[in-house]
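Colleague: Protein chains in written order, with my numbering: chain A, 13 to 625; chain B, 2 to 146.
1) Under a three-way DSSP split, which group does residue 79 of chain B fall into?
2) Just tell me which of A/26, A/23, A/33 and A/19 has its CA closest to the CA of residue 362 of chain A.
3) If we count the other Cβ atoms within 10 Å of its Cβ and call it buried at 16 or more, is residue 467 of chain A buried or exposed?
4) Would residue 48 of chain A be called buried (16 or more neighbouring beta carbons within 10 Å of its own) or exposed?
5) What residues in the stretch 181-194 of chain A bring their beta carbon closer than 9 Å to a beta carbon of chain B?
6) Please work out which residues of its chain come closer than 6 Å, Cβ to Cβ, to residue 477 of chain A, disregarding the five sequence neighbours upstream and downstream, and give them in chain order.
7) Do you know how far the Cα of residue 212 of chain A is from the Cα of residue 625 of chain A?
8) Does residue 76 of chain B pass the burial test, meaning 16 or more other C-beta atoms within 10 Å, or should it be called exposed?
9) When DSSP labels each residue in this structure, what does residue 258 of chain A get in the three-state scheme?
10) If you measure between the beta carbons of residue 334 of chain A and residue 303 of chain A, is that distance less than 9 Å?
11) Chain A beta carbons: is any one of them nearer than 9 Å to that of residue 228 of chain B?
12) Out of B/47, B/59 and B/83, point me to the one whose CA is closest to residue 73 of chain B's CA.
13) For residue 3 of chain B, which residues in the same chain have their Cβ closer than 8 Å to its Cβ, ignoring the five residues on either side in sequence?
14) Which first and last residues belong to the beta strand (DSSP E) in which residue 6 of chain A is found?
15) Name, in chain order, the residues that DSSP records as bridge partners for residue 189 of chain A.
16) Looking only at C-alpha atoms, which of A/178, A/156 and A/189 sits nearest to residue 172 of chain A?
17) Quick check: the Cα distance between residue 29 of chain B and residue 108 of chain A, rounded to an integer number of angstroms?
18) Pick helix, strand or coil for residue 482 of chain A, following the three-state DSSP scheme.
19) Does DSSP put residue 49 of chain A in a helix, a strand or coil?
20) For residue 49 of chain B, I'd like the list of residues in its chain whose CB is within less than 7 Å of its CB, leaving aside the five on either flank, ordered along the chain.
21) Identify the contact partners of residue 138 of chain A in chain B, using a Cβ-Cβ distance below 8 Å as the criterion.
22) Using a Cβ distance threshold of 8 Å, determine whether the stretch 69-88 of chain A contacts the stretch 126-145 of chain A, with at least three qualifying pairs required.
23) Which bits of chain B does residue 239 of chain A rub up against, with CB to CB less than 9 Å?
24) For the stretch 320-375 of chain A, which segments carrying the alpha helix (DSSP H) assignment without a break, of at least 4 residues, lie completely within its bounds, in sequence order?
25) Beta carbon of residue 92 of chain B, beta carbon of residue 96 of chain A: below 9 Å?
26) Shorter than 9 Å from the beta carbon of residue 338 of chain A to some beta carbon of chain B?
27) Would you mind giving the Cβ-Cβ distance between residue 472 of chain A and residue 421 of chain A, rounded to the nearest angstrom? I have them listed as a contact below 8 Å.
28) Residues of chain B with a CB under 9 Å from the CB of residue 91 of chain A: which are they?
29) How long is the line joining the alpha carbons of residue 243 of chain A and residue 403 of chain A, rounded to whole angstroms?
30) Looking at chain B, is there any beta carbon in it that lies within less than 9 Å of the beta carbon of residue 83 of chain A?
31) In three-state DSSP terms, what is residue 604 of chain A?
32) Going by C-alpha distance, which of A/73, A/78, A/505 and A/92 is nearest residue 114 of chain A?
33) I'd like to know whether the C-beta atoms of residue 383 of chain A and residue 64 of chain A end up nearer to each other than 9 Å.
34) Please report the straight-line C-alpha distance between residue 537 of chain A and residue 378 of chain A, rounded to a whole angstrom.
35) For residue 174 of chain A, which residues in chain B fall below 8 Å Cβ to Cβ?
36) Is any beta-carbon of chain A found at less than 9 Å from that of residue 106 of chain B?
Here is the structure:
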């Protein structure tokens, strides 16, 4: 039985295809359309999934959409009833889109299937938004039974849910309702500190270690009322997202000493302290929710999804301090993953098909669920006339490792594209973590992004405990753990002084460990563990780098510039390679050196192609 | 921006051919002519229909002989449609918003109801978790609500 899952019309639209419960393909629309967080109907992603699954005109059995649009619409109308006469602007922006598109989702699905050559008369399902999240967390997990926690902005009404999964059965036990939302609270601080909502949240998380938690008390005293079981209410007098076009209002600004920071202006100590404070509050609430969930389910396993589950600092703390022995987080924890969850809900929960987890490995296949172009690279290079060297067998890993060890920055496109927001070695930029200059070079000359943002390491699974206080799988870069203390460097008095400098660029350049490029200011790192049976080539590359340098870790950051979706095709990769100061590009089995490439004729400023996030 | 027409998308979709300008112009001119005729027959006025017929003639000439005139009409038509649509949207939705939602809000206030449960800090409650009733049947998954 083939089931297509679709998420769309909010942000990060995506499609996923499952066959008899096995995940065949999944991809986000933004990778094809080249519009970051693309919310439009995922026509390209649907088309890709159907092609990957070799779906003929009669082969698709069911389609599942990731939420219940009419319930969402009802919540929207109730919000206006609760806020009128305020809310006109929001209403005028929302209504035309609802009337034009969102109320006609079955028609959109039919049209898109028809255009893909698939007969549209299929069973159509609409699981609830958080149920889709919960399903995306539980069904692909390695656990036969598990507690399930979903936390995000908002679905229909729910903003967080507690659930319990047993075999093929998934039950939502209880939920919190809009407007009381941990995701929206975090987004409010994202907005107030001058970052973009629904995309800048991870920047706020990266900024947190630079600050002090000096606003925690104010947050608890004025903004949120939290119970011991992790449930909470927000004081809506400080927020504007119900009726307005901003997240916070003037009262919120008064509480934190002035108006919101304007985008692209200097980040001050207030923003850093706010980031740290909301991070602390978020972690405490997630921990309380987890403890309560553990108490009511008695499970030793926890599965998580929803946008807040991408907060890898909170996840790391949950793993270290929480009540659960095991934690598994859906790599596409945001709305994109809802497409997968919706399809899995139909297969397991609605159709009642049996499910047997093996207790060890999840069924996400490393999240490498997108298109693979390795077989087409040679023809592409020939057609374009780009000089490249073919690397055969073991030479592939050793040659790239050698280039990296010489402090070169390498773009890597190999195998299937990742599903979810993280690049995991399929569409990555990689480099030497020992290099002191690498963080600022990559941030400012390659990614063109804020200098304070840290880079993450990819590490051989069997070596991870040699570098980090962490000795378990983290294949999806969703856990943060401390760098081992014996790798820390002793800071000089001058360096200690610099670490208090308000200029973040100066702080970033202080080497805090023998792996400075991946060690954040608080000596933490967002770890990806790599296993050979999941991604052989990527593992071999890290191992070759380790054999050469003695360090079995490399820098791994997503292959894109600021505001650009992660590259999908070799053409996207080559364009990004030539527009930035990257030194080498790997396309499948081929290595391209920047020095050998013809002059790049496209002089268009990349900032004109992409809206800054 | 180019995107590589890679194999994963399968064979390219047949492109929709745009309607030839002359056909378009002829259809538009005929429709305008008929509208003018209808106005003339119903209300008996001649000035209005004459203006419409003159414009129809210009469209026809533009479409067949002077493309710049036809393109000008097309641009004007698109702008006019946009402004009419925007005007209708605002003209209908703004009164609807104030009449429906403000009245609804008044009813809620009078009855002491708040669908958003905004009382804060709501010290009397031990928990804010809401128990979720079981899904009544699998048919529920076929519904959008």
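Ideal Cβ placement from N, Cα and C applies to all residues, glycine included.
Modeller: Result, derived from the coordinates:
1) For the purposes of this step, residue 79 of chain B is identified with residue 78 of the second chain, where counting begins at 1. Correct three-state label for residue 79 of chain B: helix.
2) Against the first chain, residue 362 of chain A aligns to sequence position 350. It is A/33 whose Cα lies nearest to the Cα of residue 362 of chain A.
3) For the purposes of this step, residue 467 of chain A is taken as the residue at position 455 of the first chain. Residue 467 of chain A should be labelled buried.
4) The sequence position of residue 48 of chain A within the first chain is 36, counting from 1. Buried is the call here.
5) 183, 184, 185, 186, 187, 188, 189, 190, 191 and 192
6) Locating residue 477 of chain A in the first chain gives position 465, counting from the first residue. So the list reads 483, once near-sequence residues are dropped.
7) Here residue 625 of chain A corresponds to residue number 613 of the first chain, with the count starting at 1. Here residue 212 of chain A corresponds to residue number 200 of the first chain, with the count starting at 1. Distance between the alpha carbons of residue 625 of chain A and residue 212 of chain A is about 7 Å.
8) Numbered from 1 along the second chain, position 75 holds the residue referred to as residue 76 of chain B. Burial call: exposed.
9) Here residue 258 of chain A refers to the residue found at position 246 when the first chain is read from its first residue. Residue 258 of chain A falls in the coil class under three-state DSSP.
10) Taking the first chain and counting its residues from 1, the one referred to as residue 334 of chain A is at position 322. Taking the first chain and counting its residues from 1, the one referred to as residue 303 of chain A is at position 291. Going by C-beta atoms, residue 334 of chain A is nearer than 9 Å to residue 303 of chain A.
11) No statement about residue 228 of chain B is possible, as the shown extent of chain B runs from 2 to 146 and does not include it.
12) The count along the second chain starts at 1 and reaches residue 73 of chain B at position 72. Of the listed residues, the one whose Cα sits closest to residue 73 of chain B is B/59.
13) Taking the first residue of the second chain as position 1, residue 3 of chain B is located at position 2. Per-residue confidence for residue 3 of chain B stands at a pLDDT of 40, beneath the threshold of 50, marking its modelled position as unreliable; the derived number appears in the next sentence. Excluding sequence neighbours, residue 3 of chain B sits near nothing in its chain.
14) Any question about residue 6 of chain A goes unanswered here, given that chain A covers just 13 to 625.
15) Residue numbering aside, residue 189 of chain A sits at position 177 when the first chain is read from its first letter. DSSP output for residue 189 of chain A lists A/170 as bridge partner(s).
16) For the purposes of this step, residue 172 of chain A is identified with residue 160 of the first chain, where counting begins at 1. Nearest option by C-alpha distance: A/189.
17) Mapped onto the second chain, residue 29 of chain B falls at position 28. Mapped onto the first chain, residue 108 of chain A falls at position 96. One C-alpha to the other measures close to 28 Å.
18) In the first chain, residue 482 of chain A corresponds to position 470, counting from 1. If DSSP states are grouped into helix, strand and coil, residue 482 of chain A belongs with coil.
19) On the first chain, position 37 is the one that residue 49 of chain A refers to. Note: residue 49 of chain A maps to coil in three-state DSSP.
20) Here residue 49 of chain B refers to the residue found at position 48 when the second chain is read from its first residue. The residues are 40.
21) Here residue 138 of chain A corresponds to residue number 126 of the first chain, with the count starting at 1. Correct list: 142, 143, 144 and 145.
22) yes
23) Taking the first chain and counting its residues from 1, one reaches residue 239 of chain A at position 227. Here the neighbours are 126, 127, 128, 129 and 130.
24) 324-333 and 347-356
25) Position 91 of the second chain, counting from 1, holds the residue named residue 92 of chain B. Position 84 of the first chain, counting from 1, holds the residue named residue 96 of chain A. The answer is no: Cβ separation not under 9 Å.
26) As a working note, residue 338 of chain A is residue 326 in the first chain. Closer than 9 Å: no.
27) Mapped onto the first chain, residue 472 of chain A falls at position 460. Mapped onto the first chain, residue 421 of chain A falls at position 409. Actually they are not in contact, since the Cβ atoms of residue 472 of chain A and residue 421 of chain A sit about 21 Å apart, beyond 8 Å.
28) Taking the first residue of the first chain as 1, we reach residue 91 of chain A at position 79. The contacting residues are 116 and 117.
29) Position 231 of the first chain, counted from the first residue, corresponds to residue 243 of chain A. Position 391 of the first chain, counted from the first residue, corresponds to residue 403 of chain A. About 55 Å.
30) Residue mapping note: residue 83 of chain A aligns to position 71 of the first chain, counting from 1. It does: the Cβ of residue 83 of chain A has a partner Cβ on chain B nearer than 9 Å.
31) Along the first chain, one-based indexing puts residue 604 of chain A at 592. Strand at residue 604 of chain A.
32) Position 102 of the first chain, counted from the start, is the residue given in the question as residue 114 of chain A. Closest option to residue 114 of chain A, Cα to Cα, is A/78.
33) In the first chain, counting from the first residue as 1, residue 383 of chain A sits at position 371. In the first chain, counting from the first residue as 1, residue 64 of chain A sits at position 52. Contact flag set, yes.
34) Translated into positions along the first chain, residue 537 of chain A becomes position 525. Translated into positions along the first chain, residue 378 of chain A becomes position 366. Each residue's Cα considered, the two are about 20 Å apart.
35) Position 162 of the first chain, counted from the start, is the residue given in the question as residue 174 of chain A. What residue 174 of chain A touches in chain B: 130.
36) Position 105 of the second chain holds residue 106 of chain B. Closer than 9 Å: yes.
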